[in-house]
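Residue numbers (this note's numbering): 400 to 704.
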Ligand code: 13P
Ligand code: SF4
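What follows is the structure in structure tokens.
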């Protein structure tokens, strides 16, 4: 069977079975092509709150499927690949953050959406990379405890200098691998290219960039820019999607090592199997977790909109 034939089967099945397929922008091209909606974490969360179909298949990582379940608890939510976790989301747990909260009782706990549903239950508000600066500015407290990503936290702190931040040492292992030397080498190879990076990159990388933003932010910036060449400092799929979408421009990954194995765990066969009722992971959560975690995500949508 060809890729196209498999995609056609999937498109027929999802209609028949009333399933909405959501895909994060880090998914492979063949997955993005069969999705009902593709976007960054913020756009996926907003979309999840208004899905009309009875079931949602999330092609992304576990915290994204959990977000859909929290926002639409009556729906059947399936994570396309049970091995697709996010290592950053699993770095900090309720026990650790409860003890940190005791040390800083008057701080608002801002959780990057890349956290588990359990951890969200004890946080005040969620943010995504595209909404973090705006939301932190709107929070009615000058003291911010930002978890778990210290690189995103540092980026937000620099944009909101009037507030006081406490950061912990968490982060994305994929983006954190990139250093100054990668940027220097990429610029040497492509001297006319602009450098666009995700705020999960280290501060030394962010400082060398021409633009810093979420996956969607990077894509929009490159699409709308009059420039013709771009070095893309985030998961390698973004450079690939941009190359398809803007064939008259040139996109170079900042490093070939920018591959998130978890985001890449989902294949078309996984999607097909999930639609046939086999494989995947059905997201189950108790009512209390949904109720408490929803407050944190609802607050993000309220402040971010
Ligand atoms: P976005 O908020 O840009 O979608 O980022 C999600 C993510 O996991 C980045 O590593
Ligand atoms: Fe998690 Fe990093 Fe992969 Fe994003 S790129 S899903 S933060 S491990």
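By construction, the Cβ of each residue, glycine as well, lies at the ideal position given by its N, Cα and C atoms.
Output the distance between the C-alpha atoms of residue 343 and residue 568, rounded to the nearest integer angstrom. Coverage of the chain is limited to positions 400 through 704, which leaves residue 343 absent and any answer about it impossible.
What first and last residue would you give for the alpha helix (DSSP H) that runs through residue 620? Working through the chain shown from its first residue, we reach residue 620 at position 221. DSSP places residue 620 in the uninterrupted alpha helix (DSSP H) bounded by 614–623.
So the beta strand (DSSP E) residue 683 belongs to, where does it begin and stop? Here residue 683 refers to the residue found at position 284 when the chain shown is read from its first residue. First-last for residue 683: undefined, no H or E at that position.
Rounded to whole angstroms, what's the CA-CA distance from residue 683 to residue 520? Just pull it up for me. Within the chain shown, residue 683 is the residue found at index 284, counting from 1. Within the chain shown, residue 520 is the residue found at index 121, counting from 1. Answer to the nearest angstrom: the Cα atoms are 15 Å apart.
Would you give the residue range spanned by the alpha helix (DSSP H) that residue 671 belongs to? As a working mapping, residue 671 is identified with position 272 in the chain shown. That run of the alpha helix (DSSP H) goes 667–674.
State whether the segment 416–428 contacts the segment 441–460, with contact taken as three or more CB pairs (one from each stretch) at a distance under 8 Å. Contact holds: three or more Cβ-Cβ distances are below 8 Å.
Between residue 472 and residue 689, which are expected to be in contact by the criterion C-beta below 8 Å, what is the C-beta distance as a whole number of angstroms? As a first step, residue 472 must be located in the chain shown, where it is residue number 73. As a first step, residue 689 must be located in the chain shown, where it is residue number 290. For a cut-off of 8 Å, the C-beta gap from residue 472 to residue 689 is around 5 Å, short enough to register as a contact.
Along the beta strand (DSSP E) that carries residue 649, what are the first and last residues, could you check? Position 250 of the chain shown holds residue 649. The continuous beta strand (DSSP E) containing residue 649 extends over residues 649–652.
DSSP three-state call for residue 413: helix, strand or coil? Residue 413 sits at position 14 when you count from the first residue of the chain shown. Helix, per DSSP.
For the putative contact between residue 578 and residue 603, defined by C-beta atoms under 8 Å, what is the C-beta separation to the nearest angstrom? The residue labelled residue 578 in the question sits at position 179 within the chain shown. The residue labelled residue 603 in the question sits at position 204 within the chain shown. Rounded to the nearest angstrom, the Cβ distance from residue 578 to residue 603 is 7 Å, consistent with a contact under 8 Å.
I'd like to check one pair, residue 469 with residue 433: are the Cβ atoms closer than 7 Å? Indexing the chain shown from 1 puts residue 433 at position 34. Indexing the chain shown from 1 puts residue 469 at position 70. It is not a contact, given that the beta carbons lie outside the stated cut-off.
Distance, residue 498 Cα to residue 505 Cα: Translated into positions along the chain shown, residue 505 becomes position 106. Translated into positions along the chain shown, residue 498 becomes position 99. Distance between the alpha carbons of residue 505 and residue 498: 13 Å.
Please confirm if the segment 424–440 is in contact with the segment 608–627, defined as three or more CB-CB distances below 8 Å between the two stretches. With a cut-off of 8 Å, the segment 608–627 and the segment 424–440 count as touching, because enough Cβ pairs lie within range.
Is the CB of residue 438 under 7 Å away from at least one CB in chain D? The structure shown contains no chain D; it holds only a single protein chain.
Contact test: residue 645 Cβ vs the ligand 13P heavy atom, cutoff 6 Å: Within the chain shown, the letter at position 246 stands for residue 645. Judged by the Cβ position, residue 645 fails to qualify as a neighbour of the ligand 13P at the 6 Å threshold, every heavy atom of the ligand being at least this far.
In three-state DSSP terms, what is residue 487? Taking the chain shown and counting its residues from 1, the one referred to as residue 487 is at position 88. Coil, per DSSP.
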